[in-house]
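Residue numbers (my numbering): 3 to 141. First up is the structure itself, then whatever we jot down about it.
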Amino acid sequence: MTYSQVKRLLSEQFKANFSAAGATLPAEAVRGLTTAGTRRYVDGANGNNSNSGLDWDNAKATIAAAITAASAGDEIHIAPGEYDEAVTIARAKSNLTLIGVGNRGSVFIAPSTTNATAMTIEADDVTLNNVGCDGDGTG
């Protein structure tokens, strides 16, 4: 894990814990704690790939569509479910973070195509949190 990934993870956890305690942070304390990229959303059950993917109400239907729309440094939040797709993260999408929402194991990429690879990562510094993968191939 790179320094920037650790810093981002710790800052998000700090802000969440601080807010859960009912406290608020002054603006000067929050500077530098926010993520640099855009948050994008995927919901296999209720999303649509023609949506913007910029909030849950306008979520993309597939992880691949969200990755295509993403830029380097973005976060992709994925609703619970099994996603029947083969995902590739191209080199240009460095520092991308995929976050599975829900309990451990609730987000799973499992392509039904024979000998398919669930995920191929060509980019640097990609982070997967609570995203499982299955497939016969290697990538």
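C-beta: ideal position from N, C-alpha, C; glycine also.
- Annotation: the stretch 63-131 contains the following complete segments of the alpha helix (DSSP H) (minimum length 4 residues), in chain order: 65-71.
- Take the alpha-carbon of Gly104 and the one of Phe110: they are about 11 Å apart.
- Non-local C-beta neighbours of Ile80 in its own chain, meaning closer than 7 Å and more than five positions away in sequence, comprise Val44, Ile65, Leu100, Ile101, Gly102, Val103, Val109, Val133, ordered along the chain.
- One alpha carbon belongs to Gly39, the other to Glu77, and they sit about 7 Å apart.
- Residue environment analysis places Arg106 among the exposed positions, since fewer than 16 neighbouring C-beta atoms fall within 10 angstroms of its C-beta.
- Under DSSP, Gly55 takes part in no beta bridge, so it has no partner.
- In the DSSP assignment, no residue is bridged to Gly137.
- Taking the CA atoms as reference points, Ala112 sits about 10 Å from Gly83.
- Contact between the stretch 51-70 and the stretch 113-120 is absent: fewer than three C-beta pairs spanning the two stretches fall below 8 Å.
- By a beta-carbon distance limit of 8 Å, Leu56 does not contact Ala74. Their separation comes to about 17 Å.
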